[in-house]
Amino acid sequence: GTFWGLGSAFGLVLLAILLGGGLASFIDIKSLLIVLGGTLGATLVAFPVQDFVRTFEIIRPAIFFEDKNPGRRLQRLLELAKLSRSEGELSLEEYALREPDPFFRKCLELVVDGVKPENIRRILELEISFLLERHRRGARILQTMGAIAPAMGLIGTLIGLVRMLEHLNDPAHIGPGMALALLTTFYGALLAHLLFLPLAAKLKTRSDEERLVKEMTLEGVLCILDGDNPRIVEQRLHSFLPPDQRYSHFA
(Lines of atoms letter the chains of each structure in order from A and count residues from 1; the text may use other names and numbers.)
(Lines give C-alpha, C1' and ligand atoms only; values in the text may rest on other atoms or scores of the structure.)
Protein backbone atom coordinates (compact mmCIF):
# COMPACT_ATOMS: atom_id res chain seq x y z
CA GLY A 1 0.00 0.00 0.00
CA THR A 2 2.83 2.40 0.82
CA PHE A 3 4.60 1.83 -2.48
CA TRP A 4 1.36 1.99 -4.45
CA GLY A 5 0.33 5.17 -2.66
CA LEU A 6 3.65 6.97 -3.09
CA GLY A 7 3.99 5.76 -6.67
CA SER A 8 0.50 6.85 -7.66
CA ALA A 9 0.76 10.21 -5.88
CA PHE A 10 4.12 11.22 -7.35
CA GLY A 11 3.33 9.52 -10.64
CA LEU A 12 0.09 11.41 -11.19
CA VAL A 13 1.73 14.71 -10.28
CA LEU A 14 4.55 13.92 -12.73
CA LEU A 15 2.03 12.95 -15.40
CA ALA A 16 0.17 16.22 -14.93
CA ILE A 17 3.44 18.15 -15.26
CA LEU A 18 4.38 16.27 -18.44
CA LEU A 19 0.95 16.82 -19.95
CA GLY A 20 1.19 20.50 -19.08
CA GLY A 21 4.29 21.13 -21.16
CA GLY A 22 7.31 19.30 -19.78
CA LEU A 23 9.40 18.57 -16.72
CA ALA A 24 12.32 20.91 -17.32
CA SER A 25 10.57 24.00 -15.99
CA PHE A 26 9.85 22.23 -12.68
CA ILE A 27 13.46 21.30 -11.97
CA ASP A 28 15.46 23.84 -10.01
CA ILE A 29 18.39 22.68 -7.89
CA LYS A 30 18.53 25.92 -5.87
CA SER A 31 14.89 25.57 -4.82
CA LEU A 32 15.38 21.94 -3.87
CA LEU A 33 18.45 22.76 -1.80
CA ILE A 34 16.57 25.45 0.10
CA VAL A 35 13.71 23.11 0.98
CA LEU A 36 15.66 19.92 1.70
CA GLY A 37 18.59 21.63 3.39
CA GLY A 38 16.39 23.85 5.51
CA THR A 39 14.08 20.97 6.50
CA LEU A 40 16.93 18.66 7.49
CA GLY A 41 18.79 21.40 9.33
CA ALA A 42 15.79 22.59 11.32
CA THR A 43 14.84 19.00 12.18
CA LEU A 44 18.36 18.38 13.52
CA VAL A 45 17.97 21.46 15.69
CA ALA A 46 14.70 20.13 17.10
CA PHE A 47 15.80 16.52 17.69
CA PRO A 48 19.05 14.74 18.64
CA VAL A 49 21.06 13.32 15.76
CA GLN A 50 20.66 9.79 17.14
CA ASP A 51 16.88 10.06 17.08
CA PHE A 52 16.94 11.46 13.56
CA VAL A 53 19.09 8.58 12.30
CA ARG A 54 17.03 6.02 14.22
CA THR A 55 13.88 7.29 12.51
CA PHE A 56 14.99 5.72 9.23
CA GLU A 57 15.20 2.36 10.99
CA ILE A 58 11.82 2.85 12.65
CA ILE A 59 9.97 3.71 9.43
CA ARG A 60 11.22 0.54 7.72
CA PRO A 61 8.13 -1.42 8.88
CA ALA A 62 5.97 1.40 7.52
CA ILE A 63 7.52 1.01 4.06
CA PHE A 64 8.38 -2.71 3.92
CA PHE A 65 5.24 -4.37 5.23
CA GLU A 66 5.71 -7.02 7.90
CA ASP A 67 2.53 -9.01 8.39
CA LYS A 68 1.39 -8.66 12.02
CA ASN A 69 -1.64 -10.90 11.67
CA PRO A 70 -3.31 -11.24 15.10
CA GLY A 71 -5.39 -14.18 13.87
CA ARG A 72 -2.30 -16.27 13.16
CA ARG A 73 -0.77 -15.24 16.46
CA LEU A 74 -3.94 -16.38 18.26
CA GLN A 75 -3.78 -19.75 16.53
CA ARG A 76 -0.12 -20.13 17.50
CA LEU A 77 -0.89 -19.29 21.13
CA LEU A 78 -3.68 -21.87 21.22
CA GLU A 79 -1.29 -24.54 19.92
CA LEU A 80 1.19 -23.71 22.66
CA ALA A 81 -1.58 -23.66 25.28
CA LYS A 82 -2.56 -27.21 24.31
CA LEU A 83 1.07 -28.31 24.39
CA SER A 84 1.71 -26.72 27.77
CA ARG A 85 -1.34 -28.38 29.35
CA SER A 86 -0.38 -31.81 28.03
CA GLU A 87 3.41 -31.76 28.42
CA GLY A 88 4.17 -28.91 30.81
CA GLU A 89 5.71 -25.48 30.47
CA LEU A 90 9.22 -26.78 29.84
CA SER A 91 8.01 -28.25 26.55
CA LEU A 92 7.84 -24.67 25.24
CA GLU A 93 11.62 -24.28 25.32
CA GLU A 94 12.12 -25.92 21.94
CA TYR A 95 9.55 -23.59 20.35
CA ALA A 96 11.11 -20.56 22.01
CA LEU A 97 14.44 -21.33 20.37
CA ARG A 98 12.83 -21.51 16.92
CA GLU A 99 10.53 -18.50 17.30
CA PRO A 100 11.57 -15.70 14.86
CA ASP A 101 9.64 -12.91 16.64
CA PRO A 102 11.97 -11.54 19.39
CA PHE A 103 9.08 -10.40 21.60
CA PHE A 104 7.23 -13.73 21.40
CA ARG A 105 10.49 -15.59 21.97
CA LYS A 106 11.19 -13.51 25.07
CA CYS A 107 7.69 -14.26 26.40
CA LEU A 108 8.24 -18.01 26.02
CA GLU A 109 11.73 -17.85 27.54
CA LEU A 110 10.36 -16.09 30.62
CA VAL A 111 7.72 -18.80 30.98
CA VAL A 112 10.28 -21.58 30.62
CA ASP A 113 12.55 -19.88 33.16
CA GLY A 114 9.75 -19.98 35.72
CA VAL A 115 9.37 -16.21 36.13
CA LYS A 116 6.27 -15.22 38.10
CA PRO A 117 3.30 -13.94 36.05
CA GLU A 118 3.31 -10.49 37.67
CA ASN A 119 7.00 -10.08 36.86
CA ILE A 120 6.45 -11.24 33.27
CA ARG A 121 3.67 -8.67 32.84
CA ARG A 122 5.82 -5.92 34.35
CA ILE A 123 8.83 -6.73 32.15
CA LEU A 124 6.91 -7.03 28.90
CA GLU A 125 4.58 -4.09 29.44
CA LEU A 126 7.66 -1.95 30.02
CA GLU A 127 9.14 -3.22 26.76
CA ILE A 128 5.92 -2.46 24.89
CA SER A 129 5.73 1.05 26.34
CA PHE A 130 9.28 1.92 25.27
CA LEU A 131 8.69 0.44 21.82
CA LEU A 132 5.65 2.67 21.39
CA GLU A 133 7.62 5.67 22.64
CA ARG A 134 10.29 5.07 19.97
CA HIS A 135 7.57 4.86 17.34
CA ARG A 136 5.91 8.04 18.61
CA ARG A 137 9.21 9.87 18.49
CA GLY A 138 9.78 8.72 14.92
CA ALA A 139 6.29 9.90 13.97
CA ARG A 140 6.94 13.26 15.66
CA ILE A 141 10.13 13.70 13.64
CA LEU A 142 8.29 13.00 10.39
CA GLN A 143 5.46 15.33 11.41
CA THR A 144 8.00 18.03 12.23
CA MET A 145 9.59 17.61 8.81
CA GLY A 146 6.13 17.82 7.28
CA ALA A 147 5.54 21.11 9.08
CA ILE A 148 8.97 22.58 8.30
CA ALA A 149 9.06 21.74 4.57
CA PRO A 150 6.22 24.15 3.55
CA ALA A 151 7.75 26.83 5.79
CA MET A 152 11.07 26.42 3.99
CA GLY A 153 9.15 26.67 0.73
CA LEU A 154 7.76 29.99 1.93
CA ILE A 155 11.27 31.18 2.83
CA GLY A 156 12.41 30.22 -0.65
CA THR A 157 9.48 32.13 -2.08
CA LEU A 158 10.56 35.26 -0.19
CA ILE A 159 14.15 34.80 -1.42
CA GLY A 160 12.89 34.54 -4.98
CA LEU A 161 10.70 37.61 -4.62
CA VAL A 162 13.60 39.65 -3.24
CA ARG A 163 15.76 38.63 -6.19
CA MET A 164 12.96 39.51 -8.59
CA LEU A 165 12.31 42.91 -7.03
CA GLU A 166 16.03 43.75 -7.10
CA HIS A 167 15.98 43.44 -10.89
CA LEU A 168 12.47 44.66 -11.56
CA ASN A 169 13.77 46.99 -14.26
CA ASP A 170 15.45 44.03 -16.04
CA PRO A 171 12.85 41.64 -17.49
CA ALA A 172 15.52 38.95 -18.02
CA HIS A 173 15.84 38.47 -14.23
CA ILE A 174 12.14 38.49 -13.39
CA GLY A 175 11.48 35.00 -14.75
CA PRO A 176 14.25 33.15 -12.81
CA GLY A 177 13.35 34.97 -9.60
CA MET A 178 9.67 34.11 -9.94
CA ALA A 179 10.53 30.48 -10.78
CA LEU A 180 12.62 30.20 -7.60
CA ALA A 181 9.80 31.78 -5.61
CA LEU A 182 7.14 29.38 -6.86
CA LEU A 183 9.16 26.16 -7.08
CA THR A 184 10.31 26.26 -3.46
CA THR A 185 6.68 26.43 -2.36
CA PHE A 186 5.88 23.59 -4.75
CA TYR A 187 8.72 21.40 -3.43
CA GLY A 188 7.84 22.12 0.19
CA ALA A 189 4.16 21.24 -0.25
CA LEU A 190 5.00 18.15 -2.31
CA LEU A 191 7.45 16.70 0.22
CA ALA A 192 5.25 17.53 3.21
CA HIS A 193 1.90 16.23 1.94
CA LEU A 194 3.02 13.36 -0.27
CA LEU A 195 5.94 12.01 1.77
CA PHE A 196 6.60 13.16 5.35
CA LEU A 197 3.04 13.41 6.72
CA PRO A 198 1.75 10.21 5.04
CA LEU A 199 4.76 8.28 6.38
CA ALA A 200 4.08 9.63 9.88
CA ALA A 201 0.47 8.47 9.65
CA LYS A 202 1.53 5.04 8.33
CA LEU A 203 4.04 4.69 11.17
CA LYS A 204 1.28 5.36 13.72
CA THR A 205 -0.93 2.75 12.07
CA ARG A 206 1.81 0.13 12.03
CA SER A 207 2.65 0.96 15.66
CA ASP A 208 -0.97 0.35 16.68
CA GLU A 209 -0.99 -2.97 14.83
CA GLU A 210 2.25 -4.08 16.48
CA ARG A 211 1.00 -3.05 19.92
CA LEU A 212 -2.17 -5.11 19.42
CA VAL A 213 -0.22 -8.24 18.51
CA LYS A 214 2.23 -7.81 21.38
CA GLU A 215 -0.52 -7.24 23.95
CA MET A 216 -2.35 -10.29 22.63
CA THR A 217 0.86 -12.30 22.88
CA LEU A 218 1.42 -11.19 26.45
CA GLU A 219 -2.13 -12.04 27.47
CA GLY A 220 -1.95 -15.42 25.78
CA VAL A 221 1.35 -16.33 27.42
CA LEU A 222 -0.01 -15.38 30.84
CA CYS A 223 -3.06 -17.60 30.17
CA ILE A 224 -0.70 -20.46 29.31
CA LEU A 225 1.25 -19.83 32.48
CA ASP A 226 -1.99 -19.94 34.49
CA GLY A 227 -2.83 -23.30 32.93
CA ASP A 228 -6.12 -22.08 31.44
CA ASN A 229 -8.14 -24.34 29.20
CA PRO A 230 -7.38 -23.55 25.52
CA ARG A 231 -11.06 -22.74 24.95
CA ILE A 232 -10.88 -20.14 27.72
CA VAL A 233 -7.65 -18.80 26.24
CA GLU A 234 -9.37 -18.43 22.88
CA GLN A 235 -12.30 -16.54 24.37
CA ARG A 236 -9.98 -14.14 26.16
CA LEU A 237 -7.87 -13.52 23.08
CA HIS A 238 -10.93 -12.95 20.89
CA SER A 239 -11.26 -9.61 22.71
CA PHE A 240 -8.29 -8.35 20.67
CA LEU A 241 -9.98 -9.12 17.33
CA PRO A 242 -12.85 -7.36 15.55
CA PRO A 243 -16.09 -9.40 15.58
CA ASP A 244 -15.84 -10.40 11.92
CA GLN A 245 -12.48 -12.12 12.56
CA ARG A 246 -13.57 -14.15 15.58
CA TYR A 247 -14.10 -17.84 14.91
CA SER A 248 -13.55 -20.90 17.04
CA HIS A 249 -10.63 -23.24 16.40
CA PHE A 250 -12.45 -25.97 18.33
CA ALA A 251 -15.50 -26.33 16.09
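Here my numbering runs 7 ahead of the position in the sequence shown, where the first position is 1. We treat Cβ as the ideally placed atom computed from N, Cα and C, and that holds for glycine. Quantities reported herein were computed from a predicted structural model and do not represent experimental measurements.
Expected contact under 8 Å - CB spacing of residue i and residue j to nearest Å
i      : j      : result
Ala199 : Gly153 : 4 Å
Ile135 : Leu117 : Actually they are not in contact, since the Cβ atoms of Ile135 and Leu117 sit about 14 Å apart, beyond 8 Å.
Leu99  : Gly227 : The Cβ separation is near 12 Å, so there is no contact.
Extent of the continuous alpha helix (DSSP H) to which residue i belongs
i      : result
Asn126 : 124-173
Leu40  : 36-53
Tyr254 : Careful: Tyr254 lies outside any alpha helix (DSSP H) and carries neither H nor E.
Ile66  : Segment: none, Ile66 is in no alpha helix (DSSP H) and carries neither H nor E.
Ala208 : 204-233
Leu244 : 237-244
Distance, residue j Cα to residue i Cα
i      : j      : result
Leu13  : Ala23  : 15 Å
Pro157 : Tyr194 : 8 Å
Pro107 : Ser15  : 34 Å
Phe59  : Ala49  : 11 Å
Gly29  : Ser38  : 18 Å
Val42  : Ile181 : 21 Å
Tyr342 : Glu241 : Since the first residue shown for the chain is 8 and the last is 258, residue 342 is missing from the structure and cannot be characterised.
Tyr102 : Lys89  : 13 Å
Ile166 : Asp215 : 42 Å
Ile65  : Arg141 : 8 Å
Leu187 : Gln150 : 25 Å
Leu232 : Phe17  : 51 Å
Arg92  : Pro250 : 28 Å
Gly234 : Glu94  : 11 Å
Pro55  : Arg218 : 25 Å
Open item on the list: Tell me whether the segment 163-176 and the segment 115-126 touch, counting them as touching only if at least three CB pairs, one residue from each stretch, are closer than 8 Å.
Closed with: Because the criterion of three Cβ pairs below 8 Å is not met, the segment 163-176 and the segment 115-126 do not touch.
Open item on the list: Under 8 Å: do the segment 142-150 and the segment 206-217 share three or more Cβ pairs, one atom per stretch?
Closed with: Look at the beta carbons and you see the segment 142-150 touching the segment 206-217: at least three pairs across the two are nearer than 8 Å.
- [ ] Please confirm if the segment 32-39 is in contact with the segment 222-231, defined as three or more CB-CB distances below 8 Å between the two stretches.
- [x] No, because fewer than three Cβ pairs between the segment 32-39 and the segment 222-231 fall closer than 8 Å, the two stretches do not touch.
Open item on the list: In chain order, what are the residue ranges of uninterrupted alpha helix (DSSP H) at least 4 long that sit wholly in the segment 80-122?
Closed with: Correct list: 100-105, 109-119.
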